[in-house]
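Colleague: Mind having a look at this structure? Questions to follow.
In full-length UniProt numbering, the protein residues as written are 1 to 200.
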């Protein structure tokens, strides 16, 4: 009887500790991200060019081939990835932070309509330069603003879906279908946080 009570007490304490950790993590995310949002809301983020370009090569009923490239604001290539996918449609999943003065978009995953759930090419490392998202390497950002953007990027890399649950970040997917071969499409980000592809 005593052992049973002890076991119940251990289970109760373990569950209580788990809930404490979860709520503590939630408060931490809300505080840190809320602080970043408050500071970045004073920054001009009317940046529509995300530095993300997909060039399509071909498409049929079974496969689609393309290359995704990332550029600095000055037009220098950071990295690119090329391959063919099973399917006929490409989907780009992004982490989107929306502020009063614009939005910050981090491309997260590229996959096709035939890809298994949760699979695809993870993209964070393709535009990472020394821990900073080089697609936002704008010279007009102050040192503090760069640190804030770097902070958002680090939270996104750590866990995109944790961000979705515990913050104002949104995971949005934009797709390419019925596109023309040998055509470049730029990922455009509106000030309201909406994303879409436009011909480059």
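The beta-carbon is built from N, C-alpha and C at its ideal position, and this holds for glycine as well. Bear in mind the structure is a predicted one, so any value in this text is a computation, not a measurement.
Relative to the C-alpha of residue 140, which candidate in 74, 161, 96 has its C-alpha closest?
Modeller: 74
Colleague: Find the nearest neighbour of residue 79 within the set 178, 70, 85, judged by alpha-carbon distance.
Modeller: Proximity to residue 79 across 178, 70, 85 peaks at 70, based on C-alpha coordinates.
Colleague: Under 6 Å Cβ to Cβ from residue 98, same chain only, skipping five residues before and after it: list those, please.
Modeller: Cβ-Cβ distances below 6 Å link residue 98 to 193 in the same chain, with the five nearest sequence neighbours on each side left out; the list follows chain order.
Colleague: Is the segment 129–148 touching the segment 61–68, taking contact as three or more C-beta pairs under 8 Å?
Modeller: no
Colleague: Please give me, in chain order, every unbroken run of the alpha helix (DSSP H) with length at least 4 that falls completely inside the segment 137–164.
Modeller: 143–158
Colleague: May I ask you to report which of helix, strand or coil DSSP gives residue 78?
Modeller: It is a strand residue.
Colleague: To which residues does DSSP link residue 86 through a beta bridge?
Modeller: 63
Colleague: Taking C-alpha atoms, which residue in 96, 103, 113, 134 lies nearest to residue 87?
Modeller: 113
Colleague: Could you tell me the alpha carbon to alpha carbon distance between residue 202 and residue 100, rounded to whole angstroms?
Modeller: Here the chain has residues from 1 to 200 only, and residue 202 is not among them.
Colleague: If you draw a straight line from the C-alpha of residue 122 to the C-alpha of residue 142, how long is it?
Modeller: 29 Å
Colleague: Kindly indicate the opening and closing residues of the beta strand (DSSP E) around residue 184.
Modeller: 183–189
Colleague: Run through DSSP, which three-state label would residue 110 get?
Modeller: Correct three-state label for residue 110: strand.
Colleague: Which of the three DSSP states is assigned to residue 54 in this structure?
Modeller: Residue state, collapsed to three classes: strand.
Colleague: Quick one: what does DSSP say residue 124 is sitting in, helix, strand or coil?
Modeller: It is helical.
Colleague: Could you check the C-alpha separation between residue 177 and residue 126 for me, to the nearest Å?
Modeller: 23 Å
Colleague: How about residue 107 and residue 187: are their beta carbons less than 8 Å apart?
Modeller: yes
Colleague: Select from 90, 84, 89, 109 the residue whose C-alpha is nearest the C-alpha of residue 96.
Modeller: 109
Colleague: So residue 161 packs on residue 33, CB below 8 Å; how close in whole Å?
Modeller: No, residue 161 and residue 33 are not in contact; Cβ-Cβ is about 15 Å, not under 8 Å.
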